[in-house]
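978 is the number of the first residue of the sequence shown in the working numbering; add one for each residue after it.
Structure, as structure tokens:
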Amino acid sequence: MKKPSPRKAKPTQPRVRKQARPASLPVPLAPAGDVLLRERINALATILDETSRRFLSRLRREIEETEEGLHRQSVKKQEKAIRLIDALQVKPAKGRRKDLKKIDLLIGELQKLTEEK
978 MKKPSPRKAK
988 PTQPRVRKQA
998 RPASLPVPLA
1008 PAGDVLLRER
1018 INALATILDE
1028 TSRRFLSRLR
1038 REIEETEEGL
1048 HRQSVKKQEK
1058 AIRLIDALQV
1068 KPAKGRRKDL
1078 KKIDLLIGEL
1088 QKLTEEK
């Protein structure tokens, strides 16, 4: 059997650490860049507001449609819907995306219940 050849160690150079900029000092921007950045951040905030408003209105509409559909379902399906809603574990005070996702998924499950025959 052939012995594995020993690896040659590469000569190492001492690492030079870059000094971190203190958190209290802002990164300097050119005046035009600063204005452009502020505009983009304001645009992002506007997009967030519009998107969240539309997302919430869609969820509320789906909840209303699901409620109407569940009233026409059997008692067994209504009880299943109650169990699904009671099992929802979210912490609204934290305002987490994952909680919104859980709510969105739950509404989807409830819609499936209304569509089943």
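A virtual CB, placed ideally from N, CA and C, is assigned to each residue, including glycine.
These numbers come from a predicted model, not from an experiment.
Check: Spatial distance of Asp1076 from Gln1055 (CA atoms); Outcome: 23 Å
Check: Alpha carbon of Arg1038 to alpha carbon of Ser1051, nearest angstrom; Outcome: 22 Å
Check: Nearest neighbour of Glu1092, chosen from Ile1024, Arg1049, Asp1081 [CA to CA]; Outcome: Arg1049
Check: In chain order, each alpha helix (DSSP H) run of at least 4 residues that lies wholly inside the region 1004–1067; Outcome: 1008–1048, 1052–1063
Check: Contact check, Lys1079 vs Val1067, beta carbons under 7 Å; Outcome: yes
Check: Coarse secondary structure for Gly1085, derived from DSSP in three states; Outcome: helix
Check: C-alpha distance - Leu942 paired with Leu1021, whole-angstrom precision; Outcome: In this structure the chain extends from 978 to 1094, so residue 942 is not present and cannot be described.
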